[in-house]
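First comes the structure, then the notes that go with it.
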Amino acid sequence: MSTKKFMYLNRKSSYGTVYAIESLEVVLIAAAFEQDVSLAFIDDGVFQIINDQNTDGIGMKNFSKTFHALGDYDINKLYVSRESLEERGLNEGDIMPLVYEDEDDDWKEKPSVRVISNAELSKIMSEQDVCLSF
Amino acid sequence: MLHTVNKSSFERNSLQSCVNTIDDSSVILLIEDGVISCTNNANLPMIASLAAEGRVYALQGDVDARGVSSKVADNIKLVDYAGFVDLVVEHGATVSWV
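Residue numbers (our numbering), protein chains in the order written: chain P, 1 to 134; chain G, 135 to 232.
Written out as structure tokens, the structure is:
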């Protein structure tokens with residue numbers, strides 16, 4: 001099977017709708033088929049990977065921890081829109097420190113998250129074979 | 135009246151519509167994704183004057199879930215579910231801006 005470049009656009013926060021967790025499910029499926037997967041977090045999607053989520057008070061599963069597993073599935077390209085962060089009063093330090101182990105560099109731990117401008121994101125998006133928006 | 139807003143102001147205009155139409159004695163309670171509006175964000179001016187009058191509340195559990203409990207803007211009051219009930223009792227009719 002040929003490899004295609006898949007980008008998943010995450011535009012909604014985690015708990016108000018079911019989009020965020022459904023996106024994560026589909027991402028993990030695509031990874032199982034060894035596709036070239038990248039994730040983009042724009043608009044309210046940036047809240048999906050913010051630090052210190054605590055769902056004890058709303059009786060829902062805190063699935064933000066699952067993002068830490070993406071590195072083990074060779075998913076290490078997570079792009080976050082700088083403009084979306086700034087609009088929402090957030091910055092790079094509010095993002096979870098997600099990492100992967102680079103097999104080409106003695107399994108060194110490296111950051112998976114890159115905060116980029118919307119202009120940079122549009123360039124990366126244009127290089128994809130498939131973009132799925134959630 | 136009590137007005138509950140459960141959508142992000144970055145995604146829907148329900149908070150703006152609510153602010154545009156409420157009377158001087160009404161209060162707003164931000165719940166679910168509505169709490170995204172309770173931080174120091176670009177849309178805060180929408181509710182800043184109401185908050186200064188002590189008329190904007192946010193539901194603690196939803197604030198915690200979204201990881202913004204340390205970022206809640208000045209003058210926005212946090213309430214738990216019991217506080218939600220108190221607001222309903224105090225203000226009578228409730229409008230849900232779904």
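For glycine and all other residues, C-beta sits at the position ideal for the given N, C-alpha and C. These numbers come from a predicted model, not from an experiment.
Check: Pairwise C-alpha distance: G/Gly-226 and P/Gly-93; Outcome: 42 Å
Check: Cutoff 9 Å: P/Met-7 Cβ touching any chain G Cβ; Outcome: no
Check: Outcome for P/Trp-107 when other beta-carbon atoms lying within 10 angstroms are tallied against a minimum of 16; Outcome: exposed
Check: Closest by C-alpha distance to P/Cys-131, when choosing among P/Val-115, P/Asn-54 and P/Leu-39; Outcome: P/Leu-39
Check: In DSSP terms, what P/Ile-95 is bridged to; Outcome: P/Ile-50
Check: Nearest-angstrom beta carbon gap, P/Asp-129 and P/Lys-4 [assumed within contact, 8 Å]; Outcome: 4 Å
Check: Residue-level contact to chain G via CB, P/Arg-82, 9 Å cutoff; Outcome: no
Check: Chain P contact for G/Ser-151 (CB, 9 Å cutoff); Outcome: no
Check: Interface partners of P/Ile-50 on chain G, CB under 8 Å; Outcome: Arg-200, Gly-201 and Val-202
Check: Same chain, Cβ closer than 7 Å to P/Ser-84, neighbours up to 5 away in sequence not counted; Outcome: Ile-42, Asp-43 and Val-46
Check: DSSP beta-bridge partners of G/His-225; Outcome: DSSP, once it has assigned bridges, lists no residue as partnering G/His-225.
Check: Proximity of P/Phe-67 and P/Leu-90 at Cβ, strictly below 9 Å; Outcome: no
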